[in-house]
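Participant: Each residue of the sequence shown is one higher than the one before, counting from 701 in the working numbering.
We treat Cβ as the ideally placed atom computed from N, Cα and C, and that holds for glycine.
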Amino acid sequence: VKSWNSDSSKSSLRKGNTTTSEREMLLSKWRKNYCATREEVTRRIEELNSDSDEDILEKEKKIWTRTTPADLFYQRDEVNPKIIRGTGRLQKICRTFKEELVLRAKKINAAKPVYEPPPRKNRARICKHKSEQSSSDSSEEELTDEEDCTMEELTRKQQHPDRLHPEMWYNDVGEMNDGPLCRCSKKSRKSGIRHGIYPGEKFLKLCDLDTNNGDKLYHYRITISPPTNFLIKTPTIIQHDEHEFIFEGFSMFSHFPLGELPTCKVIRFNIEYTILYIEEKIPDNFTVHELDLFHDYLFTEVLELVDLDFKAAGDREGCSQFHFMPRFVRELPDNGKEILSMKEVLQYLLDSSVPLIKESELEEMINMAQHEWQTYADEIKGMVVTYPGKKPCSVRVDQLDRNIDLQTPGKYKFPEIV
701 VKSWNSDSSK SSLRKGNTTT SEREMLLSKW RKNYCATREE VTRRIEELNS DSDEDILEKE
761 KKIWTRTTPA DLFYQRDEVN PKIIRGTGRL QKICRTFKEE LVLRAKKINA AKPVYEPPPR
821 KNRARICKHK SEQSSSDSSE EELTDEEDCT MEELTRKQQH PDRLHPEMWY NDVGEMNDGP
881 LCRCSKKSRK SGIRHGIYPG EKFLKLCDLD TNNGDKLYHY RITISPPTNF LIKTPTIIQH
941 DEHEFIFEGF SMFSHFPLGE LPTCKVIRFN IEYTILYIEE KIPDNFTVHE LDLFHDYLFT
1001 EVLELVDLDF KAAGDREGCS QFHFMPRFVR ELPDNGKEIL SMKEVLQYLL DSSVPLIKES
1061 ELEEMINMAQ HEWQTYADEI KGMVVTYPGK KPCSVRVDQL DRNIDLQTPG KYKFPEIV
């Protein structure tokens, strides 16, 4: 996939010449867990898995937290000290974030001609157990019909004019690559977890968007064991007030207390991770509006998780059952952590929304020494770049090639994203 210039941005660009001693210390500590081979991953997991889930929980519960000060953007409520309110300055940043990042793709698409996808063929479907025929001939016909339907759907998606690359698929609401995700009847769609309907789930009144709703929400820190990504050399780090804050995961806010949850285990690249939830005091400097904007930007606009919906089934006007906040932290003495305020996270994303490489920088890119280019490419590796308005709009950078042998003076080409 070739990289692009027009209407493109990168969500977290870090220049090599802005490193500080604190940043180098963080990266050095992080990279001790980096593993280049499967054998190294296995050995490191064995070292980290000496503690049980109960031991990990006990250690994590002993951590104390505070939030970075931001008095110009947040104020404590005079009547209820649990509540933190956003100021007019914060609301201005939220409006800018929404206009420049959340609504960016929508504005681009609104300026394009309306695309009408090819119509689908209607196919009558009979449940197998209700059919009077069960011969091998009918089974073969059903299989052939299903294969034809799949090919039609793939061709249908390939014809989209906004497709980023012929060999890349994209997400549409309620769709898989080979057609609708759910082919259930209208009656069947009214029940069941697979249709987003959970027992006991109720419609919720909207949170106060301009506060942290500290008197209503329950706060849980999501922690993962083993607590590292073995495959990434450079995590996202935000510099603030002469300190470095490293991304450590997410906080989750619930409208109701969570009972004792079963242990959740996830396998990624043959590595088994355990997900744990730890209740903590609610952080100060954030508002629900900021969390909603971050959710819309990261999960919907960038990652295109178009079917991700935390609202109760049928509740279009109410509040999400859960809210999520990214945690950028720095370690403090005596087992403490300082959490970066959400205002700084939004500002960081705004400031980082820049072209991956500007056209005016192409000649400089070609003339860079190999070690300088490799340092820059290593920082980009694992990041997500986005091309608003395309399908898919975002890809992860596994490799960045400048293809020196193919470059012509005066007609320099952008590097290729692999």
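Where does aspartate 984 land, buried or exposed, given buried means 16+ other C-beta within 10 angstroms?
Facilitator: So aspartate 984 ends up on the buried side.
Participant: Which residues bound the alpha helix (DSSP H) around cysteine 794?
Facilitator: Run containing cysteine 794: 788 to 797, per the alpha helix (DSSP H) assignment.
Participant: Jot down the residue ranges of each uninterrupted beta strand (DSSP E) in the region 896 to 972, minimum 3 residues, whole runs only, in chain order.
Facilitator: Whole beta strand (DSSP E) segments, 3+ residues: 918 to 925, 937 to 940, 943 to 954 and 964 to 968.
Participant: Could you compute how far the alpha carbon of glutamine 775 sits from the alpha carbon of phenylalanine 986?
Facilitator: Approximately 10 Å, taken between the alpha carbons.
Participant: Report, in whole angstroms, the separation of the C-beta atoms of glycine 1089 and aspartate 862, which I expect to be a contact under 8 Å.
Facilitator: Right, the Cβ-Cβ distance comes to about 6 Å (below 8 Å), so this counts as a contact.
Participant: How many whole angstroms separate the CB atoms of histidine 1071 and phenylalanine 1024, which I take to be in contact at a CB cut-off of 8 Å?
Facilitator: About 39 Å separates the two Cβ atoms, so there is no contact after all.
Participant: Mapping the DSSP letters down to three states, classify tryptophan 1073 as helix, strand or coil.
Facilitator: Tryptophan 1073: helix per DSSP, three-state reduction.
Participant: Three Cβ pairs or more, each shorter than 8 Å: is that satisfied between the region 875 to 887 and the region 1096 to 1108?
Facilitator: At 8 Å Cβ cutoff, the stretches do not touch.
Participant: So, are the CB atoms of leucine 881 and leucine 1049 less than 9 Å apart?
Facilitator: Not a contact, by the Cβ cut-off of 9 Å.
Participant: In the DSSP assignment, find the beta strand (DSSP E) that holds serine 1094 and state where it starts and stops.
Facilitator: Element bounds for serine 1094: 1094 to 1096.
Participant: Measure the beta-carbon distance from aspartate 1009 to glycine 900 and round it to whole angstroms, keeping in mind my assumption that it falls under 8 Å.
Facilitator: About 17 Å separates the two Cβ atoms, so there is no contact after all.
Participant: Counting Cβ pairs closer than 8 Å, one from the region 864 to 871 and one from the region 907 to 927, do we hit at least three?
Facilitator: No: the two stretches stay apart, fewer than three of their Cβ pairs being nearer than 8 Å.
Participant: Can we say the region 756 to 764 touches the region 1019 to 1038, given the rule of at least three CB pairs closer than 8 Å?
Facilitator: Yes: at least three Cβ pairs fall under 8 Å.
Participant: Around the Cβ of glutamate 1064, are there at least 16 other Cβ atoms within 10 angstroms (buried) or fewer (exposed)?
Facilitator: Counting Cβ neighbours within 10 Å, glutamate 1064 comes out exposed, since fewer than 16 surround it.
Participant: Go through its chain and collect everything with a Cβ distance to lysine 782's Cβ below 8 Å, but skip five positions before and after it.
Facilitator: Counting only Cβ-Cβ distances below 8 Å, and skipping sequence neighbours, we find Gly914, Asp915 and Ile982.
Participant: Methionine 1025 lies in the beta strand (DSSP E); which residues open and close that run?
Facilitator: Element bounds for methionine 1025: 1022 to 1032.
Participant: Considering only DSSP beta bridges, list what threonine 765 is partnered with.
Facilitator: Threonine 765 pairs with Lys1037.
Participant: According to DSSP, simplified to helix, strand and coil, what is lysine 759?
Facilitator: Here lysine 759 sits in helix by DSSP.
Participant: Note the first and the last residue of the continuous beta strand (DSSP E) segment covering glutamine 775.
Facilitator: Looking at the DSSP string, the run of the beta strand (DSSP E) that includes glutamine 775 is 774 to 776.
Participant: Would a C-beta distance cut-off of 9 Å place glutamate 990 and lysine 1043 closer than the cut-off?
Facilitator: Result yes, Cβ atoms of glutamate 990 and lysine 1043 sit closer than 9 Å.
Participant: Considering only C-alpha positions, which residue in the set Lys890, Leu726, Ile937 and Lys806 is nearest to valine 1045?
Facilitator: For the residues Lys890, Leu726, Ile937 and Lys806, the minimum Cα distance to valine 1045 belongs to Ile937.
Participant: Since lysine 1091 sits in a beta bridge, which residues does DSSP pair it with?
Facilitator: Beta-bridge pairing links lysine 1091 to Arg863.
Participant: Have a look at Ile924, Met1068, Val1029 and Ala805 and flag the residue whose alpha-carbon is nearest the alpha-carbon of aspartate 941.
Facilitator: Among Ile924, Met1068, Val1029 and Ala805, the Cα nearest to that of aspartate 941 is on Val1029.
Participant: Considering just the uninterrupted stretch of the beta strand (DSSP E) at valine 1085, what are its terminal residues?
Facilitator: Its beta strand (DSSP E) spans residues 1084 to 1086.
Participant: Rounded to a whole number of angstroms, what is the C-alpha to C-alpha distance between proline 819 and lysine 857?
Facilitator: Rounded to the nearest angstrom, the two C-alpha atoms are 12 Å apart.
Participant: Look at the Cβ atom of isoleucine 924, then the Cβ atom of isoleucine 975, and state whether they are nearer than 9 Å.
Facilitator: Yes. Within cutoff.
Participant: Looking at the unbroken alpha helix (DSSP H) that takes in lysine 807, where does it start and where does it end?
Facilitator: Looking at the DSSP string, the run of the alpha helix (DSSP H) that includes lysine 807 is 804 to 810.
Participant: Can you have a look at methionine 666 and say buried or exposed, based on whether 16 or more other CB atoms are within 10 angstroms of its CB?
Facilitator: In the structure displayed, the chain extends from 701 to 1118; residue 666 sits before or after that span and is not available.
Participant: What residue does the alpha helix (DSSP H) around leucine 991 start on, and which one ends it?
Facilitator: Here the alpha helix (DSSP H) through leucine 991 covers 988 to 995.
Participant: Between the Cα of glutamate 816 and the Cα atoms of His860, Asn809, Lys792 and Leu958, which residue gives the shortest distance?
Facilitator: That would be His860, whose Cα lies nearest to the Cα of glutamate 816.
Participant: Quick check on tyrosine 1048: does DSSP put it in helix, strand or coil?
Facilitator: Of the three classes helix, strand and coil, the one that applies to tyrosine 1048 here is helix, per DSSP.
Participant: Tell me whether the region 947 to 959 and the region 1055 to 1064 touch, counting them as touching only if at least three CB pairs, one residue from each stretch, are closer than 8 Å.
Facilitator: As far as the Cβ criterion goes, the region 947 to 959 does not touch the region 1055 to 1064, which means the pair count is below three.
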